[in-house]
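A.B. asks:
There are 2 protein chains.
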Amino acid sequence: MNTKVLDAFTQEYKQLLESELRTLVEKLKAPPIIKEAMQYSLKAGGKRIRPLLLFATINALGKDPKDGLLAAAAIEMIHTYSLIHDDLPSMDNDDFRRGMPTNHKVFGEAIAILAGDALLTFSFEVIGQIPNEIASSEIKLQLVIEMAKAAGSEGMVGGQVADMEGEEKTLTIEELEYIHIHKTGKLLKYSVIAGALLGGANPSQLENLSAFAHHLGLAFQIQDDILDVEGTPEVLGKPVGSDSSNLKSTYPQLLSMDGAKDALQTQLAQSKQYLEKTGLNINLLNEIADLIASRDH
Amino acid sequence: MNTKVLDAFTQEYKQLLESELRTLVEKLKAPPIIKEAMQYSLKAGGKRIRPLLLFATINALGKDPKDGLLAAAAIEMIHTYSLIHDDLPSMDNDDFRRGMPTNHKVFGEAIAILAGDALLTFSFEVIGQIPNEIASSEIKLQLVIEMAKAAGSEGMVGGQVADMEGEEKTLTIEELEYIHIHKTGKLLKYSVIAGALLGGANPSQLENLSAFAHHLGLAFQIQDDILDVEGTPEVLGKPVGSDSSNLKSTYPQLLSMDGAKDALQTQLAQSKQYLEKTGLNINLLNEIADLIASRDH
Numbered sequence: 245m246n247t248k249v250l251d252a253f254t255q256e257y258k259q260l261l262e263s264e265l266r267t268l269v270e271k272l273k274a275p276p277i278i279k280e281a282m283q284y285s286l287k288a289g290g291k292r293i294r295p296l297l298l299f300a301t302i303n304a305l306g307k308d309p310k311d312g313l314l315a316a317a318a319i320e321m322i323h324t325y326s327l328i329h330d331d332l333p334s335m336d337n338d339d340f341r342r343g344m345p346t347n348h349k350v351f352g353e354a355i356a357i358l359a360g361d362a363l364l365t366f367s368f369e370v371i372g373q374i375p376n377e378i379a380s381s382e383i384k385l386q387l388v389i390e391m392a393k394a395a396g397s398e399g400m401v402g403g404q405v406a407d408m409e410g411e412e413k414t415l416t417i418e419e420l421e422y423i424h425i426h427k428t429g430k431l432l433k434y435s436v437i438a439g440a441l442l443g444g445a446n447p448s449q450l451e452n453l454s455a456f457a458h459h460l461g462l463a464f465q466i467q468d469d470i471l472d473v474e475g476t477p478e479v480l481g482k483p484v485g486s487d488s489s490n491l492k493s494t495y496p497q498l499l500s501m502d503g504a505k506d507a508l509q510t511q512l513a514q515s516k517q518y519l520e521k522t523g524l525n526i527n528l529l530n531e532i533a534d535l536i537a538s539r540d541h
Numbered sequence: 245m246n247t248k249v250l251d252a253f254t255q256e257y258k259q260l261l262e263s264e265l266r267t268l269v270e271k272l273k274a275p276p277i278i279k280e281a282m283q284y285s286l287k288a289g290g291k292r293i294r295p296l297l298l299f300a301t302i303n304a305l306g307k308d309p310k311d312g313l314l315a316a317a318a319i320e321m322i323h324t325y326s327l328i329h330d331d332l333p334s335m336d337n338d339d340f341r342r343g344m345p346t347n348h349k350v351f352g353e354a355i356a357i358l359a360g361d362a363l364l365t366f367s368f369e370v371i372g373q374i375p376n377e378i379a380s381s382e383i384k385l386q387l388v389i390e391m392a393k394a395a396g397s398e399g400m401v402g403g404q405v406a407d408m409e410g411e412e413k414t415l416t417i418e419e420l421e422y423i424h425i426h427k428t429g430k431l432l433k434y435s436v437i438a439g440a441l442l443g444g445a446n447p448s449q450l451e452n453l454s455a456f457a458h459h460l461g462l463a464f465q466i467q468d469d470i471l472d473v474e475g476t477p478e479v480l481g482k483p484v485g486s487d488s489s490n491l492k493s494t495y496p497q498l499l500s501m502d503g504a505k506d507a508l509q510t511q512l513a514q515s516k517q518y519l520e521k522t523g524l525n526i527n528l529l530n531e532i533a534d535l536i537a538s539r540d541h
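Taken in order, these protein sequences are the chains called A and B.
Using this note's numbering, you'd call the opening residue of the first sequence number 245 and step up by one each time.
Using this note's numbering, you'd call the opening residue of the second sequence number 245 and step up by one each time.
#1: Take B:F299 and list the residues in its own chain whose beta-carbon comes closer than 6 angstroms to its own, dropping the five residues that flank it on each side.
#2: Between which two residues does the alpha helix (DSSP H) carrying A:T247 extend?
#3: Under 8 angstroms, do A:A440 and A:T346 count as touching if we go by C-beta distance?
#4: Should B:N303 and B:L528 be called a contact, given that it needs their Cβ atoms to be closer than 8 angstroms?
#5: How long is the line joining the alpha carbons of B:K516 and B:L297, rounded to whole angstroms?
#6: Count the other CB atoms, across all protein chains shown, that sit within 10 Å of the CB of A:E398; report buried if there are 16 or more and exposed otherwise.
#7: Just how far apart, CA to CA, sit B:E377 and A:K521?
#8: CA-CA distance, B:L260 and A:D472?
#9: Okay, do the segment 340-360 of chain B and the segment 395-412 of chain B touch, 3+ Cβ pairs below 8 angstroms being the bar?
#10: Report the neighbours of A:K273 on chain B: residues whose CB is nearer than 9 angstroms to its CB, in chain order.
#11: Hey, could you find the ends of the alpha helix (DSSP H) A:I378 is sitting in?
#12: Using the C-alpha atoms, what's the distance from B:F253 back to A:A537?
#13: Answer with buried or exposed for B:P496, where buried requires no fewer than 16 other C-beta atoms within 10 angstroms of its C-beta.
#14: Check this for me: beta carbons of A:G402 and B:P447, under 8 angstroms apart or not?
#15: Please work out which residues of its chain come closer than 7 angstroms, Cβ to Cβ, to B:L512, disregarding the five sequence neighbours upstream and downstream, and give them in chain order.
#16: So for A:P345, helix, strand or coil by DSSP?
#17: Mind pulling the chain B residues with CB within less than 7 angstroms of A:K393?
#18: Where do the N-terminal and C-terminal ends of the alpha helix (DSSP H) with A:M282 fall, by residue?
#19: Given that a residue counts as buried once 16 or more other Cβ atoms are within 10 Å of its Cβ, and exposed if not, what is B:I417?
#20: May I have the straight-line CA-CA distance separating A:H458 from A:L519, to the nearest angstrom?
#21: Examine chain B for any beta-carbon lying closer than 8 angstroms to the beta-carbon of A:M335, and answer yes or no.
#22: Can you check whether the CB of B:I374 is closer than 8 angstroms to the CB of B:A445?
#23: Residue range of the alpha helix (DSSP H) that B:A463 falls in?
#24: Of all the CB atoms in chain B, is at least one closer than 8 angstroms to the CB of A:I425?
#25: Considering only C-alpha positions, which residue in the set B:K271, B:Q255 and B:I278 is nearest to A:D407?
#26: Whole angstroms is fine: what's the gap from A:Q386's alpha carbon to A:L453's?
#27: Could you check the C-alpha separation between B:A504 and A:M344 for me, to the nearest Å?
#28: Straight-line CA distance for B:A317 to B:R294?
#29: Identify the contact partners of B:L364 in chain A, using a Cβ-Cβ distance below 7 angstroms as the criterion.
#30: Taking a cut of 9 angstroms between CB atoms, which residues from the segment 405-416 of chain A lie near chain B?
#31: Tell me, to the nearest whole angstrom, how far the beta carbon of B:H541 is from that of B:G461; I am working on the premise that it is less than 8 angstroms.
#32: Could you name the residues of the segment 375-390 of chain A whose beta carbon sits closer than 7 angstroms to any beta carbon of chain B, in the order they occur along the chain?
#33: What residue range does the alpha helix (DSSP H) around A:D407 cover?
#34: Can you list, in chain order, the residues of its chain whose CB lies under 6 angstroms from that of A:V269, leaving out five sequence neighbours each side?
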């Protein structure tokens, strides 16, 4: 596997995305403080795994990944808003994220809530602004609807609610999967679906790409739980063992560490099977999948 | 003026709207607690002035107001989410709204924040779900974009930020207008614009209807400030004088009470001039404008 190709791809599109995000917010005619709060958390971004999946999906379909810039920006805005709101004192009450003070620690709770609200709202406008040469109104509307489903009470917000309700009690593996499929899985899956829609996937390709993303999302979360036990705090950017000290149910806890590692490999293999079925140029997506399953942070 | 016609219209469409809101949330496949929190605040709705403006605008254009049901539901979801978030302890810290405990007093802060997020997100999906027989994909996309602009950092959220920043200092009349145009005016204006787009207004009608709504939004807010001084607490459902005890700048304070009443009449007259120019069947809209300017709560 040639990770140099993925490295170059990642570097190029991460840069394009970050410049797009900066410009989009800069242009807003809004009180400076809210723009500053929006930029602060957008800039603090990490691996940009969702945008990367979107770009690589368009690439797999033989189209120009740049066609996905606005959709990628919208997805990253939604991801960022969810982190800002999750970090709030009444939610996870986190003071730091990726080594930086969280949004409400810098701007106060009220502005943090509003910055999240503004990012969420703006994401839909950004989808609407995709040029007609790139996507028809029908496709853009489908992107809006699917994004709302992935982010709302049937998706990410629902997962966050279930996660909060599941705290401090032992969950079944089905309950744990419900949380992960919704809290992180749906938006990750949407990133691939958006790429598929923008890249002109046919219905069978769309279905296989969705299934790929579904299993990849689970692999992502299992690896997250494994890292919480086996990771290095310096590399993770947060203390290890935070899940068990929070009494949160995790895969290693419910399945044992060996069982969790088996489950990770099973999900990864399943995701790759679906990818194979698309008959597309899947090199980059395959590499991203490997990266997700073997990452150390 | 025949207010019986407006009363009957209001009653009919308020009922249809409330049933639509209930059904839309009922159908969501989401954790029960978040649906309950969404329903709680949607049900607590007041005058439903924004949906009413939307329905009456479609009516003025000679189309079936029922075509606006989903758009009206979306607007009311956005209005409701904004109230839930505004009431939070870190924002206005209100325990009661319209005589009922606020969302976070019943469900806790975390669920209140998430219920707001879920309503905002769902509103865009609901616009996307307007049947093609009612609106083309192009119109629906325009509805999405305009709604995001009206609700986001360039609209309502921006107004809320400016409002918070303006607390405890004396504002100029321009600063006060900025707050009101953004915090309440933009979504009120959007309600009319959405009705115009759904009712098939031509560009000149759209422009005049927008200007009507702009001035009506200001009239609405001036009356709000007047009521805060002259209203009856029992009718208002909140104590009078809360603005001056909060040291908030208001129209009566900046313009004197007589000046504020003059300004109200000026805005109302301007709004009606634009309405006249549309050449449409404006009876209902005219009555709604009078109602807004003379309401006692």
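Where a beta carbon is used, it is the ideal one built from N, C-alpha and C, also for glycine.
C.D. replies: Considering the structure as presented:
#1: Y257, P309 and G312
#2: T247 to E270
#3: Cβ atoms of A:A440 and A:T346: not closer than 8 angstroms.
#4: yes
#5: Rounded to whole angstroms, B:K516 and B:L297 show a C-alpha spacing of 14 angstroms.
#6: buried
#7: 37 angstroms
#8: 50 angstroms
#9: No, they do not touch.
#10: Under the 9 angstroms cutoff, chain B gives S397, E398 and G402.
#11: A:I378 -> no alpha helix (DSSP H), and no H or E assigned at all.
#12: 59 angstroms
#13: When all chains shown are included, B:P496 counts as buried.
#14: no
#15: A463, A533 and A537
#16: strand
#17: E369
#18: P276 to K287
#19: With fewer than 16 other Cβ atoms within 10 Å, it is exposed.
#20: 11 angstroms
#21: yes
#22: In this structure, B:I374 does not lie closer than 8 angstroms to B:A445 by Cβ.
#23: Counted as a single uninterrupted DSSP element, the alpha helix (DSSP H) harbouring B:A463 occupies residues P447 to E474.
#24: no
#25: When each option's Cα is compared against that of A:D407, the closest is B:I278.
#26: Taking the straight line from one Cα to the other gives about 16 angstroms.
#27: 48 angstroms
#28: For B:A317 and B:R294, the gap between their C-alpha atoms comes out near 10 angstroms.
#29: One finds D361, L364 and T365 in chain A with Cβ atoms closer than 7 angstroms to the Cβ of B:L364, taken in chain order.
#30: V405, A406, M408 and E409
#31: No, B:H541 and B:G461 are not in contact; Cβ-Cβ is about 18 angstroms, not under 8 angstroms.
#32: S381, E382, K384, L385, V388 and I389
#33: M400 to G410
#34: K279, M282 and Q283
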